[in-house]
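Here is the structure we will look at.
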């Protein structure tokens, strides 16, 4: 009788140990994937906001825009001629770009750090100036 109970307890202990040994890494991997997806979503929202504001000034809907927004990590902003590109490249690899073309030449003062920035978009002498200023 005692040996049968001990045998059952040992089987339960082995089963639980196996679940923890296999389950913990799977859980950690799942958390990593969810975090990466969340960071990508934040970068996409940032890109959409930047392109929307730039488009409003480019089309003449407004003369100038001054807003505050948070620049997410792993994001770079570049301009070439009339094309504005927001690039998201996390440490884990991969590359996602959001690109839009505008009617005016672009000049971008890109942010050098992540965090809250003041964004100013204005049209002057047929050039769209996009300026980021870090807010402490």
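Residue numbers (my numbering): 56 to 191.
Each residue gets a CB set at the ideal place from its N, CA and C atoms; glycine is no exception.
DSSP state of residue 174 mapped onto helix, strand, coil: strand
DSSP bridge partner residues for residue 84 (one or two, in chain order): Residue 84 pairs with nothing; no bridge assigned.
Short Cβ contact (8 Å threshold) for residue 177 with residue 96: no
Those residues which DSSP pairs with residue 162 across a bridge: 184
Span of the beta strand (DSSP E), counted from its first residue to its last, around residue 167: Premise fails: residue 167 is in no beta strand (DSSP E) and is neither H nor E.
Inter-residue spacing [alpha-carbon to alpha-carbon] between residue 179 and residue 149: 36 Å
Three-state secondary structure (DSSP) of residue 190: coil
Nonlocal neighbours in the same chain, by C-beta distance under 6 Å from residue 142, ignoring five residues either side: 131 and 152
Beta-carbon gap between residue 127 and residue 63 smaller than 8 Å: no
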